[in-house]
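Trainee: Numbering (this note's numbering), first residue to last: 147 to 310. Please see the structure below; I have some questions.
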């Protein structure tokens, strides 16, 4: 059901996430759809629930772990419907869900930095400096995420963060 909902979302937009349309695509009764997902927002929330990627295996080296997370995010932005899903959340005016989804995307970066002992304020800035250009490339400029630039940002940040 959620696979069909994701396909509808990506091909027809968030307005297609109705019980009637899901019934037409899947054959699952409208009452079953309503029982599990009474609103299109509930369908979007269910899709977000199954979207998180488990964190990468930490090495303990800040630069290596951040480079790994850059690659994982770039791959996700390229290979999965992350960009289209975020655009659909914008169109659906699902601000809370969009924030939740982006938070899930950024959590691995926060985890790596927290594990390295980076303070909250510095951590927020570092995550924004690494991930924002990737999200802008993908979501606003409709081009591949600039992986090499993100790696250069990681190198610059880790030098600054680990200096005595």
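Every residue, glycine too, gets a C-beta built ideally from N, C-alpha and C.
What is the rounded straight-line gap between the Cα of residue 167 and the Cα of residue 284?
Mentor: Counting from 1 along the chain shown, the entry for residue 167 is found at position 21. Counting from 1 along the chain shown, the entry for residue 284 is found at position 138. Answer to the nearest angstrom: the Cα atoms are 29 Å apart.
Trainee: Can you give, in chain order, each stretch of the beta strand (DSSP E) that sits fully within the stretch 167-244 and has at least 3 residues?
Mentor: Runs of the beta strand (DSSP E) inside the stretch 167-244: none found.
Trainee: Looking at residue 211 and residue 204, is the spacing between their C-beta atoms short of 7 Å?
Mentor: The sequence position of residue 204 within the chain shown is 58, counting from 1. The sequence position of residue 211 within the chain shown is 65, counting from 1. Against a cut-off of 7 Å, the Cβ pair of residue 211 and residue 204 comes out as a contact.
Trainee: Could you spell out the range, first to last residue, of the alpha helix (DSSP H) harbouring residue 308?
Mentor: The residue you call residue 308 lines up with position 162 of the chain shown. From DSSP, the alpha helix (DSSP H) with residue 308 extends over 293-308.
Trainee: With three or more C-beta pairs closer than 8 Å as the rule, is the stretch 153-165 touching the stretch 221-240?
Mentor: Flag = yes, the stretch 221-240 and the stretch 153-165 touch.
Trainee: Report all residues from its chain with a CB closer than 8 Å to the CB of residue 233; omit the five preceding and five following residues, and keep chain order.
Mentor: In the chain shown, counting from the first residue as 1, residue 233 sits at position 87. 285.
Trainee: Does the distance from the C-beta atom of residue 280 to that of residue 227 stay below 7 Å?
Mentor: Position 134 of the chain shown, counting from 1, holds the residue named residue 280. Position 81 of the chain shown, counting from 1, holds the residue named residue 227. Not in contact: residue 280 and residue 227 (Cβ atoms no closer than 7 Å).
Trainee: By the three-class DSSP mapping on this structure, what secondary structure does residue 283 have?
Mentor: Here residue 283 refers to the residue found at position 137 of the chain shown. In the structure shown, residue 283 sits in a helix (DSSP, three-state: H, G or I).
Trainee: Does the beta-carbon of residue 299, which I'm using as the reference point, lie nearer than 6 Å to any heavy atom of the ligand HEM?
Mentor: The ligand HEM is not part of this structure, which contains no ligands at all.
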